[in-house]
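Protein chains in written order, with my numbering: chain A, 823 to 932; chain B, 2 to 114.
Some notes on the structure that comes next.
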Amino acid sequence: AQSVTQPDIHITVSEGASLELRCNYSYGATPYLFWYVQSPGQGLQLLLKYFSGDTLVQGIKGFEAEFKRSQSSFNLRKPSVHWSDAAEYFCAQAGTALIFGKGTTLSVSS
Amino acid sequence: SQTIHQWPATLVQPVGSPLSLECTVEGTSNPNLYWYRQAAGRGLQLLFYSVGIGQISSEVPQNLSASRPQDRQFILSSKKLLLSDSGFYLCAWSGSWAGSGYTFGSGTRLTVV
Numbered sequence: 823a824q825s826v827t828q829p830d831i832h833i834t835v836s837e838g839a840s841l842e843l844r845c846n847y848s849y850g851a852t853p854y855l856f857w858y859v860q861s862p863g864q865g866l867q868l869l870l871k872y873f874s875g876d877t878l879v880q881g882i883k884g885f886e887a888e889f890k891r892s893q894s895s896f897n898l899r900k901p902s903v904h905w906s907d908a909a910e911y912f913c914a915q916a917g918t919a920l921i922f923g924k925g926t927t928l929s930v931s932s
Numbered sequence: 002s003q004t005i006h007q008w009p010a011t012l013v014q015p016v017g018s019p020l021s022l023e024c025t026v027e028g029t030s031n032p033n034l035y036w037y038r039q040a041a042g043r044g045l046q047l048l049f050y051s052v053g054i055g056q057i058s059s060e061v062p063q064n065l066s067a068s069r070p071q072d073r074q075f076i077l078s079s080k081k082l083l084l085s086d087s088g089f090y091l092c093a094w095s096g097s098w099a100g101s102g103y104t105f106g107s108g109t110r111l112t113v114v
């Protein structure tokens, strides 16, 4: 069955430091992959998506993600984290519907 | 442009009471529609999806049901709420292509007391 794994439940990063959130998918030779962000009590905002082509995808708010087929991974990165980036991040894969990982909560320390 | 509306934003209901959450989409036709539930620490769980009027697929057996009476309207219902139905409910729409963008509503916070 299709599944998405986010191994890190909670990550704390210092403001200005780099960030990498991990995501592994389990299904499909050509997966459709997404990263969403959710602020407390809010809906989901799309950060970026990957369908095919260049394996390094640029998104909004300075985020990028790299698709690695050999590792079944789609990790999210940001070179310098801002306090406003504190939120919950979800990786997802499209099939008949969007299947989500359990999310990673990002805290930013000053 | 396409927009998705979901209401109410918050709801407190007693155990055993009925539930009706509504979601509507504007600016597109024949969208795929989805209901998700987010419980604390459990990520987003797909509850129902629909690819057309009157067509509903259920992903998780439970005391919830969904209906799609119009092309751009998706309703989540329950005849008798349980405490375990508490959570954050999100409606979403997408195009028919698996890789098309999914747009989410702002959510309904349901507390069953």
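C-beta: ideal position from N, C-alpha, C; glycine also.
Computed from a predicted model, the values in this text were never measured in an experiment.
The Cβ atoms of residue 872 (chain A) and residue 99 (chain B) lie no closer than 8 Å to each other. In this structure, the beta-carbon distance from residue 44 (chain B) to residue 924 (chain A) falls below 8 Å. Rounded to whole angstroms, residue 902 (chain A) and residue 883 (chain A) show a C-alpha spacing of 11 Å. With fewer than 16 other CB atoms across the displayed protein chains lying within 10 angstroms of its CB, residue 905 (chain A) is exposed. A distance of 8 Å or more separates the beta carbons of residue 105 (chain B) and residue 843 (chain A). Residue burial is scored here from C-beta neighbours: residue 103 (chain B) has at least 16 other C-beta atoms within 10 angstroms and is therefore classed as buried. Shown here, residue 882 (chain A) sits in a helix according to DSSP, grouped into three states.
Here the C-alpha atom of residue 909 (chain A) lies approximately 18 Å from the C-alpha atom of residue 827 (chain A). By the criterion of a C-beta distance shorter than 6 Å, residue 95 (chain B) is surrounded in its chain by 33, 101, 103, once the five residues flanking it on both sides are discounted. Between the C-alpha atoms of residue 3 (chain B) and residue 27 (chain B) there is a straight-line separation of about 5 Å.
Contact between residue 868 (chain A) and residue 885 (chain A) does not hold, since the beta-carbon distance rounds to 11 Å and is not under 8 Å.
For the segment 900-923 of chain A, the set of residues with a beta-carbon nearer than 9 Å to any beta-carbon of chain B comprises 912, 914, 916, 917, 918, 919, 920, 921, 922, 923, in chain order.
Excluding the 5 residues flanking it on each side, residue 93 (chain B) has same chain C-beta neighbours closer than 6 Å at 35, 103, 105, in chain order. In this structure, residue 66 (chain B) places its C-beta atom within 8 Å of the C-beta atom of residue 78 (chain B).
With a 10 Å radius around the Cβ and a threshold of 16 neighbouring Cβ atoms, residue 5 (chain B) comes out buried. By the criterion of a C-beta distance shorter than 6 Å, residue 889 (chain A) is surrounded in its chain by 872, 877, 896, once the five residues flanking it on both sides are discounted. Closer than 8 Å to the CB of residue 108 (chain B) there is at least one CB belonging to chain A.
No Cβ of chain A is located within less than 8 Å of the beta carbon of residue 84 (chain B).
Between residue 90 (chain B) and residue 919 (chain A), the C-beta spacing is not below 8 Å.
Per DSSP, the beta bridge partners of residue 88 (chain B) are B:111.
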